[in-house]
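Colleague: Dropping a structure here in structure tokens format, bear with me for questions.
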Amino acid sequence: MKNMKTSLGKGLQSLIPKKESKIESLIKRQSQTSSWGKPKKESIFNIEIDKIRPNPDQPRRDLPDKGLKELSESIKEHGILQPLIVTKVEKSTERGQDVEYELVAGERRWRASRMAGLPHVPVIIRDSSANEKLELALVENIQRENLNPMETAIAFKQLQDNFKLTHKKIGQKVGKSRTTITNMIRLLTLPAKVQKAMMVGKISEGHGRAVLMARPSAQDALFRAIIKNNLSIRQAEERARKVAIENKAYSHGPKNPFLKKIEKDLGKVLGRRVSILKRGDTNYINIEFADQKELEKLTAYLMKI
């Protein structure tokens, strides 16, 4: 299934001044005052590009060459319109102390500038803590238009876990609603194969949300149906609702200890989750399996009994 996002006009977008992004706003707010609370004006320096190194804690490792090439061509013709943000790093060498610079924000511009052959790039030198650098890198990543849903979800989760931010606070930092943050983070609870499919653009975020509508034991089957039948988001949602309605027809009420023991014993023997359900006056034994291969193994085992 094709990725729903397009990347038209990225080269043009790099030339036209845009409204201040959240990452720019965050950098400006943090740099407007010094530790003594006095106004602080930051200067722009031109430094050797070979003196700059990427942030080792950069949350996103996948930087596609296609987008970089477009940005590189733009930089060749018009230069860098927005300075990179770096921190100064001193290191000891045989000749004494040497100075390098570590990126805080602007890794794509740095890589594209190297590709364009620029010897120097404009930078703002910041004195940032490790946490500030990570937060800025995360927010910058989230603001990119070409992030896939899983990269965005992972970045939100890192902001939540590393900085103890609520979903509301994260939303304020990146310009999104609290519910959007919550729903994105929920994508990380999906089976690994579903997450991978969203990562590579095989299914969209909307398909992932549809899979979330199904109970965990039914998510794999719904995902396979989406791939096999090339279901649209609406069709996937309708199928998820249908499965949910069918499941409600079965009784999932409290079981007596005897039935719980039977479920547990059968599960151990079969190596799969077993549920005993009731629908009306009829009882059912439900045995879960992941795919056709598991079904064939299960069938072969039961036929021998």
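Read in order, the letters of the sequence shown are residues 13 to 317 in our numbering. Glycine included, each C-beta is placed from N, C-alpha and C at the ideal position.
Out of MET315, LYS180 and PRO134, which one is the CA nearest neighbour of SER55?
Modeller: Working through the sequence shown from its first residue, we reach residue 55 at position 43. The option with the nearest alpha carbon to SER55 is PRO134.
Colleague: Do the region 168 to 188 and the region 201 to 220 meet, that is, are 3 or more Cβ pairs less than 8 Å apart?
Modeller: Too few Cβ pairs lie closer than 8 Å, so no.
Colleague: With 16 as the cutoff for other CB atoms within 10 Å, does PRO68 come out buried or exposed?
Modeller: Taking the sequence shown and counting its residues from 1, one reaches residue 68 at position 56. Result: exposed.
Colleague: Determine whether the beta carbon atoms of GLU60 and PRO131 lie at a separation below 8 Å.
Modeller: Indexing the sequence shown from 1 puts residue 60 at position 48. Indexing the sequence shown from 1 puts residue 131 at position 119. Yes, the Cβ-Cβ distance between GLU60 and PRO131 is below 8 Å.
Colleague: Taking the alpha-carbon of VAL116 as reference, which of LEU96, THR105 and SER125 has the nearest alpha-carbon?
Modeller: In the sequence shown, counting from the first residue as 1, residue 116 sits at position 104. The residue with the shortest Cα to Cα distance from VAL116 is LEU96.
Colleague: Cβ atoms of ILE288 and ILE299: under 8 Å apart, would you say?
Modeller: Against the sequence shown, residue 299 aligns to sequence position 287. Against the sequence shown, residue 288 aligns to sequence position 276. Cβ atoms of ILE299 and ILE288: not closer than 8 Å.
Colleague: Run through DSSP, which three-state label would LEU11 get?
Modeller: Residue coverage of the chain in this structure runs from 13 to 317, which leaves residue 11 outside it and unanswerable.
Colleague: What did DSSP end up calling LEU200 once you bin it into helix, strand or coil?
Modeller: As a position in the sequence shown, residue 200 is number 188, starting the count at 1. Here LEU200 sits in helix by DSSP.
Colleague: Is it right to say LEU307 is buried, meaning 16 or more other beta carbons lie within 10 angstroms of its own, or is it exposed?
Modeller: Taking the sequence shown and counting its residues from 1, the one referred to as residue 307 is at position 295. Exposed, by the Cβ-count rule.
Colleague: Is GLN304 buried or exposed, if buried means 16 or more other CB atoms sit within 10 Å of its CB?
Modeller: Your numbering for residue 304 matches position 292 in the sequence shown. Exposed.
Colleague: State whether the region 241 to 257 contacts the region 214 to 232, with contact taken as three or more CB pairs (one from each stretch) at a distance under 8 Å.
Modeller: Flag = yes, the region 241 to 257 and the region 214 to 232 touch.
Colleague: Taking 7 Å as the limit between beta carbons, can you name the residues of its chain near LYS14, skipping five residues before and five after?
Modeller: On the sequence shown, residue 14 is found 2 positions in, with the first residue counted as 1. Legend: pLDDT at LYS14 = 47, less than 50; position of this residue unreliable, value from coordinates given subsequently. No residues qualify anywhere along the chain.
Colleague: Are the CB atoms of GLU102 and VAL111 within a distance shorter than 8 Å?
Modeller: On the sequence shown, position 99 is the one that residue 111 refers to. On the sequence shown, position 90 is the one that residue 102 refers to. Result yes, Cβ atoms of VAL111 and GLU102 sit closer than 8 Å.
Colleague: Going by DSSP in three states, LYS188 sits in which element: helix, strand or coil?
Modeller: As a working note, residue 188 is residue 176 in the sequence shown. Coil at LYS188, not helix or strand.
Colleague: Hey, quick one: how far does the alpha helix (DSSP H) through SER229 stretch, first residue to last?
Modeller: Within the sequence shown, residue 229 is the residue found at index 217, counting from 1. Where SER229 is concerned, the enclosing alpha helix (DSSP H) stretches over 228 to 241.
Colleague: Return the chain-ordered list of same chain residues with a C-beta closer than 8 Å to the C-beta of GLN109, the five sequence neighbours on each side being excluded.
Modeller: One-based indexing of the sequence shown puts residue 109 at position 97. So the qualifying residues of the chain are GLU102 and LYS103.
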